[in-house]
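Residue numbers are given in full-length UniProt numbering: position 3 of the sequence shown equals residue 3, and the series is strictly consecutive. Every residue, glycine too, gets a C-beta built ideally from N, C-alpha and C. Since this is a predicted model, take the numbers as computed values, not measurements.
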Amino acid sequence: MKHTVGIIQATVVCSLLLLAGGCSRETAVAPPVSNPEFRRYQWVVVTDEYVPVYAEPVRTARPVAVLREGEVLPVGNLQVRQDTVHGQQGRWYYLEIADAENGWVFESSFRGFYLLEQAQHYTRVPR
Numbered sequence: 001m002k003h004t005v006g007i008i009q010a011t012v013v014c015s016l017l018l019l020a021g022g023c024s025r026e027t028a029v030a031p032p033v034s035n036p037e038f039r040r041y042q043w044v045v046v047t048d049e050y051v052p053v054y055a056e057p058v059r060t061a062r063p064v065a066v067l068r069e070g071e072v073l074p075v076g077n078l079q080v081r082q083d084t085v086h087g088q089q090g091r092w093y094y095l096e097i098a099d100a101e102n103g104w105v106f107e108s109s110f111r112g113f114y115l116l117e118q119a120q121h122y123t124r125v126p127r
């Protein structure tokens, strides 16, 4: 019992010391400067019935292929800046398409995933 009380007292004292030191106006917290990496999807599942794939990341570009709902594709690259297509904001993703020309698809036409297994599981779940 004495041992437990001693541990509790020591914990309270340490907590108060940390709290008092952490609230001091003299010490400023300065996180290191970093370049945050934009986290992007590695895989996509097409969610619209038919999705045109464009040669460039703009809707007026030449269509190079058409994707169908449920297709799982790897992402090659993405346009980091936001764009607006049909009133929806998002990014263009460059998809690697087997048996067709690679191209750009706007993100409102698919669901993105970080792992292939997640994308494959999504296609198996009834909607």
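Counted within 10 angstroms of its Cβ, other Cβ atoms place residue i as buried (16 or more) or exposed
i	result
R68	exposed
G103	buried
I57	Per the sequence shown, the amino acid found at residue 57 is Pro instead of Ile. Classification of P57: buried, given that the 10 Å Cβ count is 16 or more.
Y41	buried
L95	buried
N35	Confidence at N35 is low in this model, with a pLDDT of 45, below 50, so its placement is unreliable and no value can be given for it.
Residue i at chain B interface by Cβ criterion, 8 Å
i	result
E117	The question asks about chain B, but that chain is absent: this structure has only one protein chain.
Reference residue i; option with closest CA among the options
i	options	result
V64	E71, V51, G70, L73	V51
W92	R62, E101, T84, Q79	Q79
R81	L115, Y122, V53, F106	F106
I97	R127, V66, T60, D48	V66
P74	R127, Q120, P126	Q120
Residues near residue i by beta carbon distance below 8 Å, same chain, minus five either side
i	result
Q118	W43
E101	V53, A55, V64, A65
6 Å CB neighbourhood of residue i in its chain, flanking five on each side removed
i	result
R62	A55
L116	W43
E49	E69
Y122	V45
Cβ-Cβ separation, residue j to residue i (assumed contact under 8 Å), whole Å
i	j	result
R111	T47	5 Å
V85	S108	7 Å
G70	V45	7 Å
G90	D99	Not confirmed; about 26 Å, so no contact.
Close-in-space but distant-in-sequence residues of the same chain around residue i (CB under 7 Å, 5 per side omitted)
i	result
Q88	S108
Y114	Y41, Q42
R59	V85
Any non-hydrogen atom of the ligand GDP closer than 7 Å to residue i Cβ
i	result
E117	Of ligands this structure carries none, so the ligand GDP is not represented either.
*Any chance you could list the beta strand (DSSP E) runs of at least 3 consecutive residues sitting entirely within the segment 54 to 90, in chain order?*
Segments of the beta strand (DSSP E) lying fully in the segment 54 to 90: 63 to 68, 72 to 78, 83 to 85, 88 to 90.
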